[in-house]
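Undergrad: Mind having a look at this structure? Questions to follow.
Chains as they are written, first to last, in the numbering used here: chain A, 1 to 432; chain B, 433 to 1388.
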């Protein structure tokens, strides 16, 4: 006979108990041990214990009403057996909206909440499972991509070295060519000076005539063998019909008189040849200089690209030189990582939504977001920019592009390299 | 946004072109000055002086309900008919029309809620110079002076108000254009017709001789008219007017009217919204008159008399002795000139000086000018502000009683892009524990701006979205504008077109103009059949994707026409028998009326509607809420929200608000927070932002600002019972919710120009912080011998003083009047619906005489049952002789609530030894209490009584 009574008492007391402790977690139970009085957890006030969860807020910290909506900033603990327990603001207790999956928040409202924790738990576990599978696969892929990245990196480094070598060769050539060029120029200059010196000593009658001849053409006339130099022979040959007092031209004279222009210069090829040689040298130099410039730029670009932060293991390197597209209604978006984001409308007009800026994730997860800045300016507004959030997945693809604020775009970009082993930890934590 | 530009196509480009040229301020050149509006120029050229009008006393007819009297203009012999009514409730109505207009002149329908009941007038004395009539009991006399014609209303020996005392009555009679051949023919036919009439009447009537005399007189008059008309010069702009590239064809020629009013003893006049100006109206001498012409003004400027989106032709005058009102019932373009004798004495002022032997009497003179229609003016004689509100309410009705949720917080943006965006914002509010009731969708939600539809990509499942909000007990507003995309595949357009419901252009075709959708038609909302059809479009089976928790926003209903003159409709557009010119200002009212009717009908008349409008007119208060249009994120725009909403409140529109944060531009976090704090204490509380601005949901400015905004919104939610009760009052009596201080302190001249603070009802005084970087504000606490309690600290301050209040970013200076009881619901939840059954906390602020009084109003919060089935609770809460009691104020009503009294906070109390709760059945119980001696605050713990029953609490 005692047994049923005892059971009844146990049930009764547990009922009372459960009502008193409604809305608290196990760890807080010690504060709510049934006594004569209750001390607000912040110690501010001592109240009779029957004022705990009596739907009137006595404690400034709300600790006397964990199970009702009476206190302004209180919180209610959803036990959510079978799912994840969590706190909700106590203002959500008995507001006719089911917040806890175990329906414990709506114990006194007209809404009949179903306990959905088991289903939620199952669904979440399944989800976590598939996520974990995806994560594992993603991490494997990531490893491959990292390895590929290493190879690419090496390739690029090798390419860089090759280019450097080419550049060095070109540099050597350049040095030679520059010397040659300088020499040729000097010669031409010397020849010209020669002419000018002769000019100065010549009679006035000649001078006026000479003045009409350009030094270069005179040189050319003298330089018959077109070697860019004037020899005495060359000059003498040209001087045959000069009305010289002695009618004889010594070697010395030839050199000195060679400066004498006028009819002497006509048809003389020495200077001409010198100029031609100098031009040739200059052209050669230009060619090599251009080549040098090209290679130099290539190296600079490559260096710049190699200087980009591709992640701690250079895992993002494989995205280099790739582009990813997505069509959203009438718009066509293209993300070229580390380069730019563009939008093309149905009419074909392309708009830049930003150029590669920087990694922009939180300090803990720097590589979770990319920022593309300084796109096409907006009417009466700033320039367009795009924040790309990277998410873990087995494929590499642009998943979504949105414009939550005018000209502020957000994109989701899925890729295995965004998978982090730490995500597994999170998944495990949420697994019940 | 490329998407936007592409979709808007040429319209936007056109509009942008207009806008860009104006950069960041209103382009004044787009809007007319008085000089550019030829009728205003003509009328204003007329200076005060001797009126050409003479009353023909022999034509006087006095019946039980009205007096009629002919007036003649001695210059052109045109006769006018004056009708004068004494209306119940201390009002006088004066109507002046042409005695024999060529065709009827427009009289504004649908504004008066009924034919105002009259009281008999009696003739006291009469001689050849005039007559004296009795205006009912209050020793009020109406003096009609014959030559020149004028009216004076007197009480005892004092002149309250005079009409035409400055001789500015001017009535441009309808006439036939002289330079047309039609005119030549008509004048011939007319005189022949007169002759034929005369022949027949003298033959048919045995008393023909007498009649003949009359007819002779009439034909004489006609001839006289002809003669003088010939002399009337035709001025530029009488028969055609061009502004910028737009020509107004004016087929009826000049039709404007004008009348002056003198208000002796008055230095303060208010009202005639909508203007972005101070509460107290300024004199307009030497400047522009205040303009009333509903216009879509891009980036409006502050502190000037330019017209804005709405027009309510009602002016209040106030002095310590008396408050009065003038209601000029005319829906055409109207200009109001105000002058005061401080600037220079008028003729009448000098006369008054002579009569009263004083030269110091202040006086305000007002002149109304309208482009067409008739003179129909209601003189509301007060004498108190409350009386004037009641008088105006008896004419045009009271504020619609909104659903409770509409008084809560609204989250809007142009635009919430798609369903996911809506869901994310909704989630954001929950994550940050900020309550909200309504999320709004602007024009981008519709499929190519075809209202009543949804963009199939962005909002593919509107019902599911609305259900998602309903699950959180929240609601949505979607925009429905009155411009309809001209597109034969769009059902709304093709139906309106086939039914002939569009407004017509002057040539008889459907009027078309540019607006958001591109080429658009404008439904003729002045047509009752059109309104009925429009209302039927809100039925759940017509408006696809709609649900019970979807409400409506009417924007652009001035109407806005991007390529029209002054960005609105051509005045020679045609509404049935009338020109758009005649009724422009009432178009917006009709749009909201038809929409509100649609929302009522879709629920079978059960649910209260909620419709927001930008354009409005006298009577718009009956249909919902208004907001102050496209303001900007600037501190001055925050400040101007106070006078703008106070002005609207004075003329019946209590449900007023401004875009929190400012529509154009981007607010600094400080401005945004201050705007939330101000908006939380203004009637319509909605945040809104322009498409071009960065996102500004409350949690985007760091945790500190989020907390500040959360707190402001929470204060609003806690106070919702009081707001609801104030709106119930406004609905019942016409008293404004948000009140200028002078309304409650009519003798206190210090309050007369005050518009940086305001009262909510009688009992809360709000002085929001509207200065950047403010360290403190100086609030004026009115009422000598009264006390005010800071609602946050409970500190008591004496009335009749300027009080300096140091402020921080969290400060919202609000005071409760000693002598009042305010109910709050301090358990703030995620939406107002969630708080429905929550208990009340009563804040009892004792007067120095230890007295307090308040009310408690409760109903279901959303249906008409309060009206139809008397399902409501209305109780008087009173504290006197240390006893607080709740008793029923509406014995005929019945409603049960689950809400109870959770707590009673008595401010300015002394410590009792015992507190006893007594129930009507004799049951008594002791209440626990807590007394804070430093602030004299007594808190009674958990009375626990149901909020709908009688109870008494005795302090001993």
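Quick reminder that beta carbons are idealized off the backbone N, C-alpha and C, glycines included. Quick caveat: nothing in here was measured; it's all calculated off a predicted structure.
Going by C-alpha distance, which of 508/B, 1263/B, 844/B and 578/B is nearest residue 1128/B?
TA: Checking every option, the nearest Cα to that of residue 1128/B belongs to 844/B.
Undergrad: Could you name each continuous alpha helix (DSSP H) segment of 4 residues or more that falls completely within the stretch 873 to 934 of chain B, going from the start of the chain to the end?
TA: As far as the stretch 873 to 934 of chain B is concerned, its whole alpha helix (DSSP H) runs of at least 4 residues are 894 to 903 and 923 to 931.
Undergrad: Is it true that the CB of residue 1006/B sits closer than 9 Å to the CB of residue 947/B?
TA: Not a contact, by the Cβ cut-off of 9 Å.
Undergrad: Give, in chain order, every residue of the stretch 300 to 329 of chain A whose Cβ lies closer than 7 Å to some Cβ of chain B.
TA: Answer set for the stretch 300 to 329 of chain A: 329.
Undergrad: In the DSSP assignment, what are the bridge partners of residue 327/A?
TA: Bridge partners of residue 327/A: 332/A.
Undergrad: Are the CB atoms of residue 766/B and residue 815/B nearer to each other than 9 Å?
TA: No, these two residues do not count as a Cβ contact at 9 Å.
Undergrad: Taking only the alpha-carbon atoms, compute the straight-line gap between residue 83/A and residue 126/A and give it to the nearest angstrom.
TA: Roughly 12 Å between the two C-alpha positions.
Undergrad: DSSP three-state label for residue 19/A, please.
TA: Here the model assigns residue 19/A a pLDDT of 47, short of 50, so the residue's position is not dependable, and the following value carries that caveat. Looking at residue 19/A - three-state DSSP - the assignment turns out to be helix.
Undergrad: Just to confirm the assignment, what range does the beta strand (DSSP E) spanning residue 1311/B have?
TA: From DSSP, the beta strand (DSSP E) with residue 1311/B extends over 1305 to 1312.
Undergrad: Run through DSSP, which three-state label would residue 265/A get?
TA: For residue 265/A, the predicted structure reports a pLDDT of 47, less than 50, and the residue's modelled location is therefore unreliable. The matter cannot be settled from this model.
Undergrad: On the DSSP letters alone, give me the boundaries of the beta strand (DSSP E) that residue 1316/B sits inside.
TA: Here the beta strand (DSSP E) through residue 1316/B covers 1315 to 1320.
Undergrad: Report the three-state DSSP secondary structure of residue 997/B (helix, strand or coil).
TA: The answer is helix: DSSP assigns residue 997/B an H, G or I state.
Undergrad: Would you be able to state if there are at least three C-beta pairs under 8 Å between the stretch 935 to 945 of chain B and the stretch 882 to 894 of chain B?
TA: Verdict: no, contact absent.
Undergrad: List the residues of chain B that residue 56/A touches, going by C-beta distances under 7 Å, in chain order.
TA: Correct list: 1334, 1373 and 1374.
Undergrad: Using the beta-carbon of each residue, which ones in chain B are nearer than 9 Å to residue 96/A?
TA: Going along chain B in sequence order, the residues near residue 96/A (Cβ under 9 Å) are 905, 1265, 1266, 1268 and 1269.
Undergrad: On the criterion of 16 or more Cβ atoms from any shown chain inside 10 Å, does residue 964/B qualify as buried, or is it exposed?
TA: That one is exposed.
Undergrad: How is residue 1359/B classed by DSSP in three states: helix, strand or coil?
TA: Three-state DSSP puts residue 1359/B in coil, outside helix and strand.
Undergrad: Grab me the residues of residue 645/B's own chain with a C-beta within less than 6 Å of its C-beta, minus the 5 sequence neighbours each way, in chain order.
TA: Since pLDDT at residue 645/B reaches only 43, below the 50 mark, its modelled position is unreliable, and no value is offered.
Undergrad: Can you find the residues in the same chain that come closer than 6 Å, C-beta to C-beta, to residue 821/B, ignoring five residues on each side of it along the sequence?
TA: 1166 and 1167, listed in sequence order.
Undergrad: Tell me whether residue 602/B sits in a helix, a strand or coil according to DSSP, three-state version.
TA: If DSSP states are grouped into helix, strand and coil, residue 602/B belongs with the strands.
Undergrad: Check each residue of the stretch 71 to 92 of chain A: if its Cβ is closer than 8 Å to any Cβ of chain B, include it; give the result in chain order.
TA: Listed by position, the residues of the stretch 71 to 92 of chain A near chain B (Cβ gap below 8 Å) are 72, 89, 91 and 92.
Undergrad: For residue 1249/B, does the three-state DSSP call read helix, strand or coil?
TA: Three-state DSSP puts residue 1249/B in a strand.
Undergrad: Counting only Cβ pairs nearer than 7 Å, list the residues of chain A close to residue 1063/B.
TA: Near residue 1063/B there are no residues of chain A at all, since even the closest Cβ is about 17 Å away, more than 7 Å.
Undergrad: Going by DSSP in three states, residue 1207/B sits in which element: helix, strand or coil?
TA: If DSSP states are grouped into helix, strand and coil, residue 1207/B belongs with coil.
Undergrad: Is it buried or exposed for residue 1240/B, if we count other Cβ within 10 angstroms and need 16 for buried?
TA: Label assigned to residue 1240/B: exposed.
Undergrad: Using DSSP with H/G/I as helix, E/B as strand and the rest coil, what is residue 798/B?
TA: It is a strand residue.
Undergrad: Just checking: is the beta-carbon of residue 1125/B within a distance shorter than 9 Å of some beta-carbon in chain A?
TA: So, interface residue.
Undergrad: State the Cα-Cα distance for the pair residue 1385/B and residue 60/A, rounded to the nearest angstrom.
TA: So the alpha carbons of these two residues sit roughly 25 Å apart.
Undergrad: With DSSP collapsed to three states, give me the class of residue 433/A.
TA: There is no way to answer for residue 433/A, as the model of chain A reaches only from 1 to 432.
Undergrad: So does the stretch 1270 to 1290 of chain B actually touch the stretch 1175 to 1183 of chain B, counting three or more Cβ pairs closer than 8 Å?
TA: They do not touch, by the three-pair rule.
Undergrad: With burial defined as no fewer than 16 other Cβ atoms inside 10 Å of the residue's Cβ, what is the status of residue 677/B: buried or exposed?
TA: Classification of residue 677/B: exposed, given that the 10 Å Cβ count is below 16.
Undergrad: In terms of residue numbering, what span does the alpha helix (DSSP H) encompassing residue 1216/B cover?
TA: Run containing residue 1216/B: none; DSSP gives neither H nor E here.
Undergrad: Can you check whether the C-beta of residue 1262/B is within less than 9 Å of a C-beta belonging to chain A?
TA: Chain A contact via Cβ: present.
Undergrad: Label residue 1224/B either buried or exposed according to how many other C-beta atoms from any shown protein chain fall within 10 Å of its C-beta, with 16 as the threshold for buried.
TA: Label assigned to residue 1224/B: exposed.
Undergrad: Sorted by chain position, which residues of the same chain lie with C-beta nearer than 8 Å to residue 1187/B's C-beta, five sequence neighbours on each side aside?
TA: Around residue 1187/B: 710, 711, 712, 1074, 1075, 1078 and 1172.
Undergrad: Do you know how far the Cα of residue 106/A is from the Cα of residue 78/A?
TA: Cα to Cα, the separation comes out at about 11 Å.
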